[in-house]
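One structure below.
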Amino acid sequence: GTVILSAFTTKLAVYALARGFAGTEILIYIGAVMTLFPIFFAEIENDLRRVLAYSLNNQLGFMVVGIGVGTELALNGTASHAFAHILYKALLFMSVGAVLFRTGTSKASELGGLYRTMPRTATFCLIGAASISAFPLFSGFVTKSLILDATAVEHYPVIWAVLVFASAGVLSHSGIKIPYFTFFAHDSGLRPKEAPAHMQMAMGITAFFCIAIGIYPEPLYALLPYEVEFHPYTTSHVVGQLQLLCFALLAFAVLMRTGIHPPEI
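Okay, so the sequence shown: first residue is 173 according to the numbering used here, each after it adds one.
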């Protein structure tokens with residue numbers, strides 16, 4: 173139920189805004205705020221389902237910014253990112269849900285070391301984490317890049333900087349925090365069974381599309397409302413994103429050292 177509510181129903185509002193309010197400039201600033209404020213709550217949250225809920229608002233902010241910019245590139249970015257978001261957010265919710273099903277908890281402070289007995293669930297969670305973090309070769313990279321480029325082309329440098337910062341925050345609280353504290357970090361002593369076969373199948377199908385879209389985005393681009401003349405895998409795009417990811421990894425390490433992200437939250 174959570175997967176459906178989080179991944180699908182929120183896109184109805186995005187669709188309504190795109191149909192009725194594309195190019196409304198105030199949405200750019202509303203969306204920018206939406207990308208920022210959930211980061212700080214997600215960083216200090218112990219319940220991983222709530223972390224995912226905060227990151228949901230963050231990702232919706234990117235889409236609202238794209239609607240506010242209102243150009244063909246921006247609206248293509250919004251549509252494609254909405255589709256990619258359904259996949260990787262569903263995958264993350266299913267991963268955490270599988271852990272909750274087997275352990276009875278989704279609190280980071282009570283988990284850790286589960287990769288030993290739930291390796292496939294851990295792998296699926298890492299794929300979802302890489303996708304939401306916009307790692308190259310994963311779905312989030314080929315969709316979020318459209319929105320970032322649209323803000324740069326339309327000369328919104330401050331908004332672009334906000335989105336870049338928000339992207340780093342996503343990696344910290346969803347890309348690293350969720351898989352790290354769930355499956356790695358300290359050993360909680362829990363030894364649950366692997367997720368049931370039907371859960372693994374659902375996660376596996378979703379993970380496949382997260383990777384397939386990242387490697388070969390052209391079929392998704394062909395479905396977008398406007399013709400796409402955008403190539404995500406240029407040297408500047410890839411290098412820039414890798415630099416951002418390295419910065420976010422460093423920030424997470426600093427949070428660990430300063431005690432904001434200890435093994436026991």
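We put the beta carbon where it would ideally sit given N, CA and C, even for glycine.
Across the structure, residue 425 and residue 343 are spaced so that their CA atoms are roughly 12 Å apart. Cβ neighbours of residue 402 within its own chain (closer than 8 Å, five residues either side excluded): 245, 248, 317, 318, 321, 393. Apart from the 5 residues on each side of it in sequence, residue 272 sits with its Cβ closer than 6 Å to the Cβ of 278 in its chain, given in chain order.
Straight across, the Cα-Cα distance linking residue 198 with residue 243 is about 15 Å.
For residue 281, there is no enclosing alpha helix (DSSP H), since its DSSP letter is neither H nor E. Within its own chain, the residues whose Cβ lies closer than 6 Å to the Cβ of residue 294, once the five positions on either side in sequence are excluded, are 287, 355, listed in chain order. By a beta-carbon distance limit of 8 Å, residue 241 does not contact residue 335. Their separation comes to about 11 Å.
Within the DSSP bridge table, the entry for residue 219 names 279 as partners. For residue 316, the enclosing alpha helix (DSSP H) has its first and last residue at 311-325. When the Cα atoms are used, residue 376 and residue 296 turn out to be separated by approximately 7 Å. If you check the CB distance, residue 346 and residue 301 come in under 8 Å. Taken in chain order, the complete alpha helix (DSSP H) segments of 4 or more residues contained in the region 386-430 are 390-394, 407-430.
Here DSSP, grouped into helix, strand and coil, assigns residue 243 to coil.
For residue 386, the closest alpha carbon among the candidates 307, 327, 409 is that of 307.
Residue 358 carries a coil assignment under DSSP once its states are collapsed to helix, strand and coil.
In the DSSP assignment, residue 183 falls within the unbroken alpha helix (DSSP H) covering 182-193. Secondary structure at residue 305: coil, using DSSP grouped into helix, strand and coil. Around the beta carbon of residue 299, a 10 Å sphere encloses 16 or more other beta carbons of the protein chains shown; the residue is thus reported as buried.
Measuring C-alpha to C-alpha distances from residue 339 to each of 233, 193, 189 identifies 233 as the nearest. Inter-residue distance for residue 218 and residue 389 is about 35 Å (C-alpha atoms, whole angstroms).
Per DSSP, residue 367 lies in no alpha helix (DSSP H) segment and is marked neither H nor E.
Counting along the chain, the unbroken alpha helix (DSSP H) around residue 331 starts and ends at 329-342. Between residue 285 and residue 360, the C-beta spacing is below 8 Å.
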